[in-house]
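K.L.:
One structure follows; several queries about it will come next.
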Amino acid sequence: MSSSSTSKEGPSTKRYRREEDDNSSDSDDNYVPYVPVKERKKQQLLKLGRLGQLKDEGKAKSSSENENENDEEDGQVWGRKSNISLLDQHTELKKLAEAKKESAMERQLKEEERILESVAESKALMGVAELAKGIQYEDPIKTSWRPPRPFLRMSERRHERVRKKLHILVEGDGVPPPLKHFEEMKLHRGIFQGLSGKGITRPTPIQVQGIPTVLSGRDMIGIAFTGSGKTLVFVLPLLMFTIEQETKMPFIRLEGPYGLIICPSRELAKQTHDIIMYYAKHMQQCGAPEIRCCLAIGGVPVSESLDVINRGVHIMVATPGRLMDMLDKKMVRLDVCRYLCMDEADRMIDMGFEEDVRTIFSFFKGQRQTLLFSATMPKKIQNFARSALVKPVTINVGRAGAASLNVVQEVEYVKQEAKVVYLLECLQKTPPPVLVFAEKKQDVDAIHEYLLLKGVEAVAIHGGKDQEERSRSVEAFRKGEKDVLVATDVASKGLDFNEIQHVINYDMPDDVENYVHRIGRTGRSGKTGIATTFINKANDESVLLDLKHLLLEAKQKVPPFLAALQSDNEKYLDLGDERGCSYCGGLGHRITDCPKLEAIQSKQASNIGRRDYLASNAADW
1 MSSSSTSKEG PSTKRYRREE DDNSSDSDDN YVPYVPVKER KKQQLLKLGR LGQLKDEGKA
61 KSSSENENEN DEEDGQVWGR KSNISLLDQH TELKKLAEAK KESAMERQLK EEERILESVA
121 ESKALMGVAE LAKGIQYEDP IKTSWRPPRP FLRMSERRHE RVRKKLHILV EGDGVPPPLK
181 HFEEMKLHRG IFQGLSGKGI TRPTPIQVQG IPTVLSGRDM IGIAFTGSGK TLVFVLPLLM
241 FTIEQETKMP FIRLEGPYGL IICPSRELAK QTHDIIMYYA KHMQQCGAPE IRCCLAIGGV
301 PVSESLDVIN RGVHIMVATP GRLMDMLDKK MVRLDVCRYL CMDEADRMID MGFEEDVRTI
361 FSFFKGQRQT LLFSATMPKK IQNFARSALV KPVTINVGRA GAASLNVVQE VEYVKQEAKV
421 VYLLECLQKT PPPVLVFAEK KQDVDAIHEY LLLKGVEAVA IHGGKDQEER SRSVEAFRKG
481 EKDVLVATDV ASKGLDFNEI QHVINYDMPD DVENYVHRIG RTGRSGKTGI ATTFINKAND
541 ESVLLDLKHL LLEAKQKVPP FLAALQSDNE KYLDLGDERG CSYCGGLGHR ITDCPKLEAI
601 QSKQASNIGR RDYLASNAAD W
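Residue 48 in UniProt numbering sits at position 48 of the sequence shown, and the numbers go up by one each step.
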């Protein structure tokens, strides 16, 4: 009996004590359960995020092993830390943080590499017939030109010294030596007369390395800031090659062209044609045979091009659309064409001419020397372009997509409704001529009309105007008859206007590459210029971030409202050799959040269903 009573009392007593404990805890609000020192340190450091590295290490192991090992590891780490100084603990924690940061950077780079591979072009920039037959050219085209013997005997170290001094970066095997004077390039004496007529005495850095490379017959990717003289790099060697061909065996009726130059805009094509004719005329005056150059652009009658082609054409300068039309109708053939240059190559591919360019490649009947030139050429275009080139030499003067250091960039916050009025103030900064850029055609027309009403001698060009009016406006502005040219981006690619001291961006373009091309219309040939850009809240933040980092790179003044902008992953903007975005070249973001790539992918996704729908309808018909 007594034993049973004791057994009953036992549990009742325990129950009573537990209830008493519970009541006491409820009544005492300040009660804090005891946590060992080791555990408290651990929790504190966990809050600071210092144990992430330890956590990552255990993820690959099984859960049971993981728990045991973590216990051991924790015991080692925390036991050891209690015996060492705070300074040593700080150093160790710093190392852990750096290791964690490095692993995050590695993850970011791997992710970027994966994205770049996924958007890489699966189709090479080659002709259909060459791809079908598996034709691959192993060696560059051979030419009769050789560098002067003294330069061939000089060491590679000397050449590297010259390149370093002029900030020329080269990639490729067997790069020809840089030549610092036109006389060393063995050019025709007519070309020297033409150069002196333009006041050109010494070659620019891109010409120092580029002209010998092209004369050697090498395929080339040329990247240099706007106004650096890229046009002469492909024009002068082509003139030398055509003179040689015409002298050996004159071109007969309907033969040619030997050289083809493709430009993204009509204005740039016309400017290139005029430069070729200028030097060809000087060469003819010095006893060289006549060089016939044909201009094939939209808005100009085809009959003008056919007149030259019928007599046998040496050089053809064309825009992709008109050239495709003429090739399809067999008005011109590329059977003897051995020289192809794509000026502003990346803009052509961005503008949607990529398929046209690939189709044009299929009209060639043999190996050709291929040259690609631009001021802004991201890695994705360079890698894509290499598929069409044979052992190419990449010549880079400055970073691809960098703004010219000869341009003072001023960025001002101007409300949308105040832009037109403020434009008049900005025109007072420098004497004419002045270039004004706007995004939309209707804005160009509105600005043009406003300036005329205010008594400003202005002309305007955009894609909606006919070619005759566009040519007339450009010519009047070039001759100094008009003070202001208002234009869309048709005037931003490669056009060269004399004495332009000021460029005004009425709108900040959606693409920072267009901004670089626009401001490159001033500060050319070593002269300085000013670029004023209006921005406000209507502009996309990603473009403004790219602009901010472009200004920082060029050591320009960054206004406070732009400096205040911060990107989410600012820490990843400079990883390894690649700065900024490897897709579009913007400095304010990485490829993981590239707005241009996102827009292209969205467009492709929206076209998938539409293409299928159109295809099914075509099948029904």
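Glycine included, C-beta positions come from ideal geometry on N, C-alpha and C.
Source: prediction; values computed, not measured.
Who are the Cβ neighbours of LEU268 in its own chain at under 8 Å, not counting the five residues just before and after it?
P.N.:
Counted from its first residue, the sequence shown places residue 268 at position 268. Closer than 8 Å at the Cβ level, and outside the excluded window around LEU268, lie ASP343, GLU344, LYS493, GLY494 and LEU495.
K.L.:
Does the segment 449-457 come close enough to the segment 226-239 that 3 or more CB-CB pairs lie under 8 Å?
P.N.:
The segment 226-239 and the segment 449-457 do not touch, with fewer than 3 CB-CB distances between them shorter than 8 Å.
K.L.:
By the three-class DSSP mapping on this structure, what secondary structure does THR91 have?
P.N.:
For this step, residue 91 is matched to residue 91 along the sequence shown. Helix at THR91.
K.L.:
Contact check, VAL397 vs PRO205 under 8 Å by CB: the rounded distance?
P.N.:
Looking up residue 397 in the sequence shown gives position 397. Looking up residue 205 in the sequence shown gives position 205. Correct: roughly 5 Å between the Cβ atoms.
K.L.:
Is it buried or exposed for GLY580, if we count other Cβ within 10 angstroms and need 16 for buried?
P.N.:
The residue labelled residue 580 in the question sits at position 580 within the sequence shown. Counting Cβ neighbours within 10 Å, GLY580 comes out buried, since at least 16 surround it.
K.L.:
Would you kindly work out how many angstroms separate the C-alpha atoms of ARG368 and SER473, rounded to a whole number?
P.N.:
Position 368 of the sequence shown, counted from the first residue, corresponds to residue 368. Position 473 of the sequence shown, counted from the first residue, corresponds to residue 473. Their Cα atoms are separated by approximately 37 Å.
K.L.:
Below 8 Å on the Cβ atoms is my contact criterion, and I expect TYR506 with ILE447 to pass it. Report the Cβ-Cβ distance as a whole number of Å.
P.N.:
The residue you call residue 506 lines up with position 506 of the sequence shown. The residue you call residue 447 lines up with position 447 of the sequence shown. With a Cβ gap of about 6 Å, TYR506 and ILE447 count as contacting.
K.L.:
Using a Cβ-Cβ cut-off of 7 Å (strictly less than) and excluding sequence neighbours within five positions of LEU166, which residues of its own chain qualify?
P.N.:
As a working mapping, residue 166 is identified with position 166 in the sequence shown. Cβ within range, chain order: PRO205 and VAL208.
K.L.:
Residues in the same chain with beta-carbon distance under 6 Å from residue 629, minus the five sequence neighbours each way, listed in chain order, please.
P.N.:
Any answer about residue 629 is impossible in this case: the structure gives the chain only from 1 up to 621.
K.L.:
Restricting to runs no shorter than 4 residues, where is the alpha helix (DSSP H) found entirely within the segment 280-344?
P.N.:
302-310 and 320-328
K.L.:
Going by alpha carbons, who is nearest to MET316 out of ASP445, VAL170, GLY480 and GLU255?
P.N.:
In the sequence shown, residue 316 corresponds to position 316, counting from 1. The residue with the shortest Cα to Cα distance from MET316 is GLU255.
K.L.:
How would you label LEU424, buried or exposed, when you count the other beta carbons within 10 angstroms and need 16 or more for buried?
P.N.:
Residue numbering aside, residue 424 sits at position 424 when the sequence shown is read from its first letter. Exposed, because fewer than 16 other Cβ atoms sit within 10 Å of the Cβ of LEU424.
K.L.:
Within the same chain, show all residues whose beta-carbon is closer than 7 Å to that of SER542, passing over the 5 residues directly before and after it, in chain order.
P.N.:
Locating residue 542 in the sequence shown gives position 542, counting from the first residue. Here the set comprises GLY588, HIS589 and PRO595.
K.L.:
If I measure Cβ to Cβ from SER471 and keep anything under 6 Å in the same chain, skipping five residues before and after, which residues do I get?
P.N.:
Mapped onto the sequence shown, residue 471 falls at position 471. Once the five neighbours on either side are set aside, SER471 has no close Cβ partner at all.
K.L.:
Under three-state DSSP, which class holds GLY229?
P.N.:
On the sequence shown, residue 229 is found 229 positions in, with the first residue counted as 1. Reduced to three states, the DSSP call for GLY229 is coil.
K.L.:
Could you tell me which of LYS527, ALA476 and GLN566 sits nearest to ASP546, measuring between CA atoms?
P.N.:
Taking the sequence shown and counting its residues from 1, the one referred to as residue 546 is at position 546. Measuring from the Cα of ASP546, the nearest candidate turns out to be GLN566.
K.L.:
In whole angstroms, what separates the C-alpha of TYR278 from that of ARG358?
P.N.:
Walking along the sequence shown from the start, residue 278 turns up at place 278. Walking along the sequence shown from the start, residue 358 turns up at place 358. Taking the straight line joining both Cα atoms gives about 31 Å.
K.L.:
Which residue from ILE504, VAL414, GLY464 and PRO433 puts its Cα closest to that of PRO559?
P.N.:
Position 559 of the sequence shown holds residue 559. Looking at the Cα atoms, VAL414 is the closest of the given residues.
K.L.:
Taking the alpha-carbon positions, what's the HIS159 to LEU372 distance?
P.N.:
For the purposes of this step, residue 159 is taken as residue 159 along the sequence shown, with counting starting at 1. For the purposes of this step, residue 372 is taken as residue 372 along the sequence shown, with counting starting at 1. Cα to Cα, HIS159 sits roughly 23 Å from LEU372.
K.L.:
Within the same chain, show all residues whose beta-carbon is closer than 6 Å to that of VAL332, passing over the 5 residues directly before and after it, in chain order.
P.N.:
Taking the sequence shown and counting its residues from 1, one reaches residue 332 at position 332. ILE309 and MET326.
K.L.:
Check THR376 in the structure and name its three-state DSSP category.
P.N.:
Taking the sequence shown and counting its residues from 1, the one referred to as residue 376 is at position 376. Looking at THR376 - three-state DSSP - the assignment turns out to be coil, as it is neither helix nor strand.
K.L.:
Could you give the first and the last residue of the continuous alpha helix (DSSP H) run that contains ALA476?
P.N.:
Counted from its first residue, the sequence shown places residue 476 at position 476. It spans 467-478 - the alpha helix (DSSP H) in which ALA476 sits, taken as one unbroken run.
K.L.:
In whole angstroms, give me the CA-to-CA distance for LYS42 and GLN89.
P.N.:
Residue mapping note: residue 42 aligns to position 42 of the sequence shown, counting from 1. Residue mapping note: residue 89 aligns to position 89 of the sequence shown, counting from 1. Taking the straight line from one Cα to the other gives about 13 Å.
K.L.:
Where do the ends of the beta strand (DSSP E) carrying PHE534 lie?
P.N.:
Here residue 534 corresponds to residue number 534 of the sequence shown, with the count starting at 1. Unbroken beta strand (DSSP E) run through PHE534: 529-535.
K.L.:
Work out the CA separation of ARG478 and ALA531 for me, nearest whole Å.
P.N.:
Taking the sequence shown and counting its residues from 1, the one referred to as residue 531 is at position 531. Taking the sequence shown and counting its residues from 1, the one referred to as residue 478 is at position 478. Computed Cα separation, rounded: 19 Å.
K.L.:
Please report the Cβ distance between THR522 and VAL407, rounded to the nearest whole angstrom; I am assuming they are in contact, meaning their Cβ atoms lie under 8 Å.
P.N.:
Looking up residue 522 in the sequence shown gives position 522. Looking up residue 407 in the sequence shown gives position 407. Contact holds; Cβ gap of about 6 Å.
K.L.:
According to DSSP, is LEU169 helix, strand or coil?
P.N.:
Taking the sequence shown and counting its residues from 1, one reaches residue 169 at position 169. Strand, per DSSP.
K.L.:
Helix, strand or coil: which one does DSSP assign to GLY222?
P.N.:
Position 222 of the sequence shown, counting from 1, holds the residue named residue 222. GLY222 falls in the strand class under three-state DSSP.
K.L.:
With distance defined between alpha-carbon atoms, name the residue in VAL214, GLN193, SER85 and VAL175 nearest to HIS282.
P.N.:
Counting from 1 along the sequence shown, the entry for residue 282 is found at position 282. For the residues VAL214, GLN193, SER85 and VAL175, the minimum Cα distance to HIS282 belongs to GLN193.
K.L.:
Measure the alpha-carbon distance for ALA280 versus THR242 and round it to whole angstroms.
P.N.:
On the sequence shown, residue 280 is found 280 positions in, with the first residue counted as 1. On the sequence shown, residue 242 is found 242 positions in, with the first residue counted as 1. For ALA280 and THR242, the distance between alpha carbons rounds to 10 Å.
K.L.:
What is the DSSP secondary structure of LEU51, reduced to helix, strand or coil?
P.N.:
Stepping through the sequence shown from its first residue, residue 51 is reached at position 51. Interpretation of LEU51 is limited by its pLDDT of 49, a score under 50 that renders its predicted location unreliable; no figure is taken from the coordinates.
K.L.:
Which whole-angstrom value describes the C-beta separation of VAL393 and THR213, a residue pair presumed to lie in contact below a C-beta threshold of 8 Å?
P.N.:
Numbered from its first residue, the sequence shown carries residue 393 at position 393. Numbered from its first residue, the sequence shown carries residue 213 at position 213. Their Cβ separation, rounded to whole angstroms, is 5 Å, which keeps VAL393 and THR213 in contact under 8 Å.
K.L.:
Quick one: grab the DSSP three-state call for HIS448.
P.N.:
For the purposes of this step, residue 448 is taken as residue 448 along the sequence shown, with counting starting at 1. Note: HIS448 maps to helix in three-state DSSP.
K.L.:
Among ILE395, GLN285 and GLU499, whose alpha-carbon lies nearest the alpha-carbon of LYS164?
P.N.:
Working through the sequence shown from its first residue, we reach residue 164 at position 164. Here the closest residue by C-alpha is ILE395.
K.L.:
Within this structure, are the beta carbons of LEU340 and THR370 separated by less than 8 Å?
P.N.:
Position 340 of the sequence shown, counting from 1, holds the residue named residue 340. Position 370 of the sequence shown, counting from 1, holds the residue named residue 370. Contact flag set, yes.
K.L.:
Between the C-alpha atoms of SER374 and GLU92, what's the straight-line distance to the nearest angstrom?
P.N.:
Position 374 of the sequence shown, counted from the start, is the residue given in the question as residue 374. Position 92 of the sequence shown, counted from the start, is the residue given in the question as residue 92. Distance between the alpha carbons of SER374 and GLU92 is about 48 Å.
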